[in-house]
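Visitor:
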Amino acid sequence: MAPDARAMPNGTVKGIPPSISREMSRLVLRGTRSEAALHAGVSCSSLPGPADWETQNSTGRLFKLIKQAHQERAHQLLRLQNLKDRSKQLQSSRDAKFLADLDRQRKFEEKNRAFQQELALHAIAHERELQQRRALVSSSWQEHEAGVRAAWEDKESKDNARLLAEAHRAEMSMSQARSARAQSEAMRQEEMAARIATWKQAMREKIDQKDETTMQRITTIEARRQQLAACMAEAMADKAAQAQGVLARHQEQTATRIAGVQEKWRAEDEHVGHLQQVAERQRLEKVSEAARIRAIAEQRIDSVAQSRAAAQDRTNQKLLAKQDRINFLEDKRSTLLQHLANLRQDISSLDVSIRAAHIHPGLESFPELPPELAEKAGRLPTAHSLLELESAVMLPRQKSRTGPASPRLQRRGSAQPGRVHNLQTRASRA
Numbered sequence: 001m002a003p004d005a006r007a008m009p010n011g012t013v014k015g016i017p018p019s020i021s022r023e024m025s026r027l028v029l030r031g032t033r034s035e036a037a038l039h040a041g042v043s044c045s046s047l048p049g050p051a052d053w054e055t056q057n058s059t060g061r062l063f064k065l066i067k068q069a070h071q072e073r074a075h076q077l078l079r080l081q082n083l084k085d086r087s088k089q090l091q092s093s094r095d096a097k098f099l100a101d102l103d104r105q106r107k108f109e110e111k112n113r114a115f116q117q118e119l120a121l122h123a124i125a126h127e128r129e130l131q132q133r134r135a136l137v138s139s140s141w142q143e144h145e146a147g148v149r150a151a152w153e154d155k156e157s158k159d160n161a162r163l164l165a166e167a168h169r170a171e172m173s174m175s176q177a178r179s180a181r182a183q184s185e186a187m188r189q190e191e192m193a194a195r196i197a198t199w200k201q202a203m204r205e206k207i208d209q210k211d212e213t214t215m216q217r218i219t220t221i222e223a224r225r226q227q228l229a230a231c232m233a234e235a236m237a238d239k240a241a242q243a244q245g246v247l248a249r250h251q252e253q254t255a256t257r258i259a260g261v262q263e264k265w266r267a268e269d270e271h272v273g274h275l276q277q278v279a280e281r282q283r284l285e286k287v288s289e290a291a292r293i294r295a296i297a298e299q300r301i302d303s304v305a306q307s308r309a310a311a312q313d314r315t316n317q318k319l320l321a322k323q324d325r326i327n328f329l330e331d332k333r334s335t336l337l338q339h340l341a342n343l344r345q346d347i348s349s350l351d352v353s354i355r356a357a358h359i360h361p362g363l364e365s366f367p368e369l370p371p372e373l374a375e376k377a378g379r380l381p382t383a384h385s386l387l388e389l390e391s392a393v394m395l396p397r398q399k400s401r402t403g404p405a406s407p408r409l410q411r412r413g414s415a416q417p418g419r420v421h422n423l424q425t426r427a428s429r430a
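Position 94, counted from 1, in the sequence shown is what the UniProt record's numbering calls 94; the numbers after and before it change by one each time, with no gaps.
(1) Roughly how many angstroms separate the alpha carbons of residue 151 and residue 280, rounded to a whole number?
(2) DSSP state of residue 197, grouped into three classes?
(3) At 3 residues or longer, and completely inside the region 231-317: list those beta strand (DSSP E) runs for me, N to C.
(4) Have a look at residue 492 and residue 133 and give me their C-alpha separation to the nearest angstrom.
(5) Quick check on residue 336: buried or exposed, where buried means 16 or more other Cβ atoms within 10 Å of its Cβ?
(6) Excluding the 5 residues flanking residue 398 on each side, which residues of the same chain have their C-beta closer than 6 Å to its C-beta?
(7) Just tell me which of 186, 116, 321 and 88 has its CA closest to the CA of residue 277.
(8) With distance defined between alpha-carbon atoms, name the residue in 285, 74 and 257 nearest to residue 108.
(9) Report the residue from 310, 149 and 265 whose alpha carbon sits nearest the alpha carbon of residue 246.
(10) For residue 63, count neighbouring C-beta atoms within 10 Å of its own C-beta (all shown protein chains included) and say buried if the count is 16 or more, exposed if not.
(11) CB residue 232 to CB residue 163, shorter than 7 Å?
(12) Confirm, please, whether the CB-CB distance from residue 272 to residue 94 is below 7 Å.
(13) My guess is that residue 293 and residue 101 are in contact by the Cβ rule of under 8 Å, so how many angstroms apart are they, rounded?
(14) Label residue 343 either buried or exposed according to how many other C-beta atoms from any shown protein chain fall within 10 Å of its C-beta, with 16 as the threshold for buried.
(15) Identify which residue in 329, 144 and 156 has its Cα closest to the Cα of residue 240.
(16) Using a Cβ-Cβ cut-off of 8 Å (strictly less than) and excluding sequence neighbours within five positions of residue 301, which residues of its own chain qualify?
(17) With a cut-off of 8 Å, do at least 3 Cβ pairs link the region 306-321 to the region 134-145?
(18) Answer with yes or no whether the minimum CB distance from residue 257 to chain C is below 7 Å.
(19) Return the CA-CA distance between residue 184 and residue 177, expressed in angstroms with no decimal places.
(20) What distance in whole Å lies between the Cβ atoms of residue 105 and residue 290, which are believed to be in contact at a cut-off of 8 Å?
(21) How about residue 261 and residue 137: are their beta carbons less than 7 Å apart?
(22) Tell me the rounded alpha-carbon separation between residue 267 and residue 130.
(23) For residue 313, which residues in the same chain have their Cβ closer than 6 Å to its Cβ, ignoring the five residues on either side in sequence?
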């Protein structure tokens with residue numbers, strides 16, 4: 001069943017796709033009603049007549065429709081270009097962000113590597129400093145111990161020498177005193193020997209008394225010598241005890257210093273261990289953060305690749321669909337053009353038959369024609385109707401169809417009734 005070819009309010013034909021209807025309007029503007037009818041796939045009798053065209057002001061509507069179509073196409077092209085620019089900007093911003101993330105990650109890895117190297121150098125320097133301190137403390141302790149031992153030995157040797165010298169001086173003084181007393185006694189005995197005869201008894205008593213006194217003195221000197229030896233032994237013991245106390249204090253102080261130094265070393269070792277733990281924890285945190293950033297970047301890259309692939313697939317599908325539509329329209333156009341060529345051949349043969357039979361152009365039937373030509377003539381428009389359609393749709397050609405017709409062209413198009421009359425007169429005379 002043929003579609004209804006009456007014009008709709010939007011300038012299209014009911015039952016015909018908008019693209020074919022617009023192509024039909026273009027062909028109608030070119031002045032060939034048969035081509036428009038064949039291209040639309042409808043009969044020529046169902047097309048609107050001159051009254052309909054004049055009533056609906058088809059010229060302005062067609063130009064408006066063409067202008068709207070061009071504007072809509074330009075808007076769509078502009079929107080598509082904006083979308084492409086926006087996609088390029090987003091892609092460039094994503095690429096720049098990804099490169100910035102990679103640069104930030106590279107700088108972070110370089111800083112982490114430099115920090116690790118600095119920490120290792122600091123640990124090595126600290127270990128060397130600790131070793132130097134230990135060697136210095138050990139050498140100073142050995143020097144101090146050797147100095148204390150040498151001082152103690154020197155002091156002990158000096159004390160022993162002094163005590164021996166005092167004992168020797170005491171012995172020398174005792175021997176000198178003894179020798180002096182012996183000399184004085186000998187002198188006295190010599191003096192007394194001269195008086196021994198007279199004072200023998202008295203001298204004997206005096207000698208006995210002097211012997212007793214001498215014995216007492218000897219006993220006293222021996223006691224004093226023993227007391228001096230005891231004092232010397234006690235002094236030696238006191239000095240040895242003092243030296244032992246000093247040595248013990250020195251040893252205690254040295255042990256305290258060693259314990260303090262060891263405690264300081266242990267605290268420094270604990271501090272170094274704590275610093276190493278903190279550095280290791282920071283390194284692990286930074287490594288985990290870098291891994292997380294790398295995972296996020298990879299996810300973003302995958303999502304961008306997937307979205308790009310999906311967009312490419314959609315674009316390919318749209319292009320394929322458009323290409324299929326273009327191929328379909330080209331096939332249909334070629335078919336319609338072939339049909340139009342056949343129809344023109346039929347019209348030319350029919351015109352030859354009409355001229356041969358001297359038939360008036362206004363007749364609607366051909367009784368003297370063969371049946372096949374009469375059937376074709378019943379389906380074809382008459383010459384009069386073709387002239388009317390041509391006069392009704394004859395419009396001036398313009399280079400640009402995006403805007404309305406100029407006032408001059410509108411004035412030229414308004415003078416259609418006289419032209420139609422002239423064409424009718426010329427056709428009737430022919």
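All C-beta atoms, glycine included, are put in the ideal place defined by N, C-alpha and C.
Guide: Once the coordinates are examined:
(1) 52 Å
(2) coil
(3) none
(4) Nothing about residue 492 can be reported from this structure: the residues present for the chain run from 1 to 430 only.
(5) buried
(6) Because residue 398 sits at a pLDDT of 39, beneath the cut-off of 50, its placement in the model cannot be relied upon, and the following sentence gives the value as read from the coordinates. Answer for residue 398: no residue qualifies.
(7) 116
(8) 285
(9) 149
(10) buried
(11) Yes, Cβ-Cβ distance for residue 232 and residue 163 is below 7 Å.
(12) no
(13) 6 Å
(14) buried
(15) 156
(16) The beta carbon of residue 301 sits closer than 8 Å to the beta carbons of 98 from its chain, once the five residues preceding and following it are set aside; these are given in chain order.
(17) no
(18) No chain C is part of this structure, which consists of one protein chain only.
(19) Put simply, the backbone Cα of residue 184 is about 10 Å away from that of residue 177.
(20) 6 Å
(21) yes
(22) If you draw a straight line from the Cα of residue 267 to the Cα of residue 130, it is about 12 Å long.
(23) Cβ neighbours of residue 313 within its own chain (closer than 6 Å, five residues either side excluded): none.
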